[in-house]
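K.L.:
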Amino acid sequence: MRRLAADDLIVSCQQGDRDAFRELFEMHKDRVYLIALHFTGNESTASDIVQQVFLKLLRDIGKFHFQAEFTTWLYRIVANTCFDERRFWKRWVQYDSDAPEFDIVTTISPEANLANDEKIGEVMRAVNQLSPRLRMVVILKYVEELSYLEIGRILGCSMGTVASRLNRAHKALAERLSHLQSS
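Numbering-wise, the numbering used here puts 44 at position 34 of the sequence shown, and it's gapless, one number per residue.
So this is what it looks like as structure tokens:
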């Protein structure tokens, strides 16, 4: 199968080309999964989110009009799906012990010492305690390394709102992690 340029691939998807959609899926599934995994901390839930995102993408690809970067549009679907999933679990499975944990995950190298492992764990728990909107901004900024402009486009808010949310997240994290500065 020949590889299409990104814009041609999207146009082909909009025209119902299944091979083009499969290629689009292959190009983006890992990034979508990582965002969902970092947001939820649960592999099964992240996989469910990937399925939901690509079903929405298949349904709505015709609504993409190249007015923004495709990845910005896709990440907005991912963020909204993560928020929806969080609301679903919060509403319906509040008292179910089998409900997925929404923890940020990270890969820690085997060489890391115990003190460093504990600090990383504390930071990840502190990030997990942020509200979903603040947590998503932190993930998009520090995990996905996106700019304020890109994050604003994804979340449908201004760069000032992104900066404000990051500022609030930084302050909350600084307060929760102030004890680490003395170690």
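Backbone N, C-alpha and C define an ideal beta-carbon position, used for all residues, glycine too.
1. Specify the secondary structure class of H189 as computed by DSSP and reduced to three states.
2. In whole angstroms, give me the CA-to-CA distance for A136 and G51.
3. Excluding five sequence neighbours on each side, which residues of the same chain lie with their C-beta closer than 8 Å to the C-beta of R145?
4. Does the stretch 80 to 91 touch the stretch 163 to 173, meaning 3 or more C-beta pairs lie closer than 8 Å?
5. Which residue from L140, Q61, E155 and V63 puts its Cα closest to that of E185?
6. So, is Y105 buried or exposed, given that buried needs 16 or more other C-beta atoms within 10 angstroms?
7. What separation, rounded to the nearest whole angstrom, lies between the Cα atoms of E79 and V153?
8. Helix, strand or coil: which one does DSSP assign to E155?
9. Under 8 Å by Cβ, that's how I've got I59 and C23 pegged, so tell me the actual separation to the nearest angstrom.
10. Where does the unbroken alpha helix (DSSP H) through H38 begin, and where does it stop?
11. Whose C-beta lies closer than 7 Å to the C-beta of G131 among residues of the same chain, with five residues either side of it excluded?
12. Give the secondary structure of R74 by DSSP, where H, G and I count as helix, E and B as strand, and everything else as coil.
13. Quick one: Cα of F31 to Cα of L68, how far?
14. Below 8 Å on the Cβ atoms is my contact criterion, and I expect L183 with V147 to pass it. Report the Cβ-Cβ distance as a whole number of Å.
15. With DSSP as the reference, label G131 as helix, strand or coil.
16. For E1, which three-state DSSP category applies?
17. Use the C-beta contact count for Q62: other C-beta atoms within 10 angstroms, 16 or more gives buried, fewer gives exposed.
18. Does any heavy atom of the ligand FAD sit closer than 6 Å to the C-beta of L156?
P.N.:
In terms of the structure at hand:
1. helix
2. 14 Å
3. F49, I114, V137, N138 and A179
4. yes
5. L140
6. Annotation note: pLDDT 44 at Y105 (below 50); position unreliable, coordinate value reported separately. Exposed, since its Cβ has fewer than 16 Cβ neighbours within 10 Å.
7. 19 Å
8. coil
9. About 20 Å separates the two Cβ atoms, so there is no contact after all.
10. R28 to T50
11. none
12. First, the residue type needs correcting, since residue 74 is Phe and not Arg in the sequence shown. The answer is coil: DSSP assigns F74 none of H, G, I, E or B.
13. 8 Å
14. Incorrect: roughly 12 Å between the Cβ atoms, too far for contact.
15. helix
16. Nothing can be reported for residue 1: it is not among the residues displayed for the chain, which extend from 11 to 193.
17. buried
18. Because no ligand of any kind appears in the structure shown, any question about the ligand FAD cannot be addressed here.
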